[in-house]
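In mature numbering (1 follows the signal peptide of the UniProt record, and there is no 0), the protein residues as written are -25 to -1, 1 to 153. Note that CB positions come from ideal geometry on N, CA and C, so glycine has one too. Because the structure is a prediction, the values reported are computed rather than measured. Only one structure is covered here, and it is reproduced in the block below.
The structure is reproduced here in structure tokens:
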């Protein structure tokens, strides 16, 4: 009986060796031509808003904009959509300050910030606390853009000081948080 078990065990081992991997190289797997999953694609930021109607701005008053940017406000226009973007014009009709609030998906909010103030070329911004983004000083003014969760806030000014854009963004964030 013992020899019989030993014989069966030996046959089992031989069967395993015979079924094991071969020493010859395997044929390469065929290349797949399926396109990458659409979920891997980076989200597109929303289109830049355009003025569509006369104001007022629901989260930044004309008086606040004038005080923050240091220029009198002649008129205010807002974009379509909720919440609207706000456009503050000087008395001579020149655009002086814009504020744009995006509320939606987190990855889109982040893509918007990176479009407006690209991470590679902007200075890091982290005000108010809990918000992250960046700011840029450009020939025609400054931009300050930050995001937290699913919300992004973008402010542009015709002034060179990014401080003015940052302070306006902080006012907008305080207003939308209420």
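Under the three-state reduction of DSSP, residue 142 is assigned to helix. Residue range 126 to 132 is occupied by the beta strand (DSSP E) that includes residue 128. In the three-state DSSP reduction, residue 50 falls in the strand class (E or B). Distance check between residue 118 and each of 126, 21, 141 places 141 closest, using alpha-carbon atoms only. Counted as a single uninterrupted DSSP element, the stretch harbouring residue 135 is not any alpha helix (DSSP H), since DSSP gives it neither H nor E. Between the beta-carbon of residue 48 and that of residue 87 there is about 25 Å, and that puts the pair past the 8 Å contact cut.
Excluding five sequence positions before and after residue 28, the CB atoms of its chain that fall closer than 7 Å to its own CB belong to 52, 53, given in chain order. Between residue 74 and residue 35, the gap from beta carbon to beta carbon is short of 7 Å. Judged by DSSP in its simplified three-state form, residue 35 adopts coil rather than helix or strand. When rounded, the separation of the alpha-carbon atoms in residue 127 and residue 109 is 12 Å.
The residues 77, 122, 125, 126, 127, in chain order, have a CB closer than 7 Å to that of residue 84 in the same chain once the five nearest residues on each side in sequence are set aside.
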